[in-house]
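One structure is given below, encoded as structure tokens.
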Amino acid sequence: MKVKIDDLVKFRRTLHKHPELSDNEKQTQKWILKRLEKIENGKVSSIGKTGVIVTFEGDEPGPEIMLRGDIDALPIQEESDLEYKSVNDGVAHLCGHDGHTTIILGTTRLLDQTGIKKGKVHLLFQPAEENGHGARAVIDDPLFEEVNPDVVYSLHNIPGVERGKILCKQGSFSCAADSIIIKLKGVTAHAAEPEHGINPMGFISKMISQFAELQNPDLSNNDFQLMTPIYAHVGNTSYGVSAGYGELHYTLRTKLNARMAGLKKSVKDIVREVCDGKINYEIDWTESFFANVNDEHAVNAIKNAADKCGLKYEEIDLPFKWGEDFGLFTDKFSGAMFGIGAGEDVSALHNPDYDFPDEIIRPSIEMFMDLVDQKNHLNESFVLH
Numbered sequence: 046m047k048v049k050i051d052d053l054v055k056f057r058r059t060l061h062k063h064p065e066l067s068d069n070e071k072q073t074q075k076w077i078l079k080r081l082e083k084i085e086n087g088k089v090s091s092i093g094k095t096g097v098i099v100t101f102e103g104d105e106p107g108p109e110i111m112l113r114g115d116i117d118a119l120p121i122q123e124e125s126d127l128e129y130k131s132v133n134d135g136v137a138h139l140c141g142h143d144g145h146t147t148i149i150l151g152t153t154r155l156l157d158q159t160g161i162k163k164g165k166v167h168l169l170f171q172p173a174e175e176n177g178h179g180a181r182a183v184i185d186d187p188l189f190e191e192v193n194p195d196v197v198y199s200l201h202n203i204p205g206v207e208r209g210k211i212l213c214k215q216g217s218f219s220c221a222a223d224s225i226i227i228k229l230k231g232v233t234a235h236a237a238e239p240e241h242g243i244n245p246m247g248f249i250s251k252m253i254s255q256f257a258e259l260q261n262p263d264l265s266n267n268d269f270q271l272m273t274p275i276y277a278h279v280g281n282t283s284y285g286v287s288a289g290y291g292e293l294h295y296t297l298r299t300k301l302n303a304r305m306a307g308l309k310k311s312v313k314d315i316v317r318e319v320c321d322g323k324i325n326y327e328i329d330w331t332e333s334f335f336a337n338v339n340d341e342h343a344v345n346a347i348k349n350a351a352d353k354c355g356l357k358y359e360e361i362d363l364p365f366k367w368g369e370d371f372g373l374f375t376d377k378f379s380g381a382m383f384g385i386g387a388g389e390d391v392s393a394l395h396n397p398d399y400d401f402p403d404e405i406i407r408p409s410i411e412m413f414m415d416l417v418d419q420k421n422h423l424n425e426s427f428v429l430h
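Residue numbers (our numbering): 46 to 430.
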């Protein structure tokens, strides 16, 4: 079975045209499974509800490695003139997961061709990265009990960076992130008699002021913590009514996982102290992401792979501030995430006119194949047509 770049590009553009949101990647899963039907030497299984995992095993005992790509899209309206523009209103592949999926597919098909001499290689098409559900769903799936990788790898395309350049670092590669929803349940009253009610506006104002004091935006500092206001709502446009209900949403970010626990405690303490029995409240947490903490040995392997593939390599100084749920895997197993430059002319991630550059499919697959070869040794060389 020849692996052709042109075929992979067509597949990537099909995914781009038909994006699906986190936890709903049913058609995407079907398309992946369809293109894996001719796999002869690997075991193909569904996992994590809408994900797929493929396992190859060598003839000799050896290490286990897992390569992961995410498959979900974003709830954003695409603004482009592409022939393969999203046909799903308000849903689009604006983070490049269509490309990441395609890279894992190409790597899977090549490994079916080359085989491995020893150990196991797992290739994970992971759902629901954008909302932080997918990695947890995979890990909690009973099927994952059979997966015990010695090292895990993933990549992310990075717009604004020279196309094909590899970015990596030891330690925190991307930040921990968590989001809080604070619901304030007061008492509605006539606007002429607000003293007869409990209006949440003043409580929200105090919280916003005190949350600002928690900011430490210096990413070079291990005490870095960022609180971004996302949404605030009190009452409605009925001018005779003093509001009785309000919500305040924030996203929290830290460089280190341990720091996130402390920041969350500080936020909860502020909410409790501000409300202080004067208004009822509820706190919900959503879309939690562990920091991606890169292992030294995995980073060295990535550096060696970049050299072998003839790609530029840059050791970055600071982690990316975005969250990525691959951090759940690097918390559980040794491993690393690396970036690959998407090009200086490519729009930012999550921008309405972003499109994954097909030119980095080949070097990304070559990187993954070399990482496998370092651990499990390919039986034969491969050719990408």
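The beta-carbon is built from N, C-alpha and C at its ideal position, and this holds for glycine as well.
| Item | Value |
| --- | --- |
| Compute the Euclidean distance between the alpha carbons of residue 423 and residue 256, then round it to the nearest angstrom. | 53 Å |
| Could you check where the beta strand (DSSP E) with residue 183 kicks off and where it finishes? | Counting along the chain, residue 183 falls outside any beta strand (DSSP E), though it belongs to the alpha helix (DSSP H) covering 179-185. |
| Since residue 229 is in the beta strand (DSSP E), which residue starts that stretch and which ends it? | 221-230 |
| Residue 197: which of 370, 393, 396, 74 sits nearest, CA to CA? | 370 |
| Residues in its own chain within less than 8 Å of residue 106 by CB, not counting five upstream and five downstream? | 163, 164 |
| Does at least one heavy atom of the ligand GDP sit under 7 Å from the Cβ of residue 370? | The ligand GDP is absent from the structure shown, which contains no ligands of any kind. |
| Looking at residue 336: is its Cβ nearer than 8 Å to the Cβ of residue 300? | yes |
| Using beta carbons (cut-off 8 Å, strictly below), is residue 348 in contact with chain C? | In summary, chain C is missing from the structure at hand, where a single protein chain is found. |
| Following the continuous alpha helix (DSSP H) through residue 320, name the residue where it begins and the one where it ends. | 302-320 |
| With respect to the beta strand (DSSP E) encompassing residue 265, which residues constitute its N-terminal and C-terminal limits? | Where residue 265 is concerned, there is no enclosing beta strand (DSSP E), given that its DSSP letter is neither H nor E. |
| Could you check how far apart the C-beta atoms of residue 159 and residue 427 are, in whole angstroms? I think they sit under 8 Å. | 5 Å |
| For residue 269 and residue 220, what's the separation of their Cα atoms in angstroms? | 10 Å |
| Starting from residue 148, follow the alpha helix (DSSP H) in both directions and report where the run begins and ends. | 142-159 |
| Return the residue from the list 402, 409, 398, 395 that minimises the CA-CA distance to residue 382. | 409 |
| Indicate the three-state DSSP secondary structure (helix, strand or coil) for residue 417 in the structure shown. | helix |
| Please identify the residue among 241, 230, 222, 318 whose C-alpha is closest to the C-alpha of residue 273. | 222 |
| Where does residue 277 sit, in a helix, a strand or coil, going by DSSP? | strand |
| What are the start and end residues of the beta strand (DSSP E) that includes residue 104? | Where residue 104 is concerned, there is no enclosing beta strand (DSSP E), given that its DSSP letter is neither H nor E. |
| Using the DSSP secondary-structure output, state which residues sit across from residue 375 in a beta bridge. | DSSP output for residue 375 lists no bridge partner at all. |
| Between the Cα of residue 348 and the Cα atoms of 303, 297, 288, 215, which residue gives the shortest distance? | 215 |
| Could you tell me the alpha carbon to alpha carbon distance between residue 317 and residue 247, rounded to whole angstroms? | 14 Å |
| Can you tell which of 171, 373, 218, 376 has its C-alpha closest to the C-alpha of residue 150? | 171 |
| Only counting the same chain, and skipping five residues up and downstream in sequence, which positions put a Cβ closer than 6 Å to that of residue 102? | 165 |
| Just the Cα atoms here: how many angstroms apart are residue 289 and residue 367? | 35 Å |
| Which of the three DSSP states, helix, strand or coil, is assigned to residue 331? | strand |
| Following the continuous alpha helix (DSSP H) through residue 72, name the residue where it begins and the one where it ends. | 71-80 |
| What residue range does the beta strand (DSSP E) around residue 168 cover? | 163-171 |
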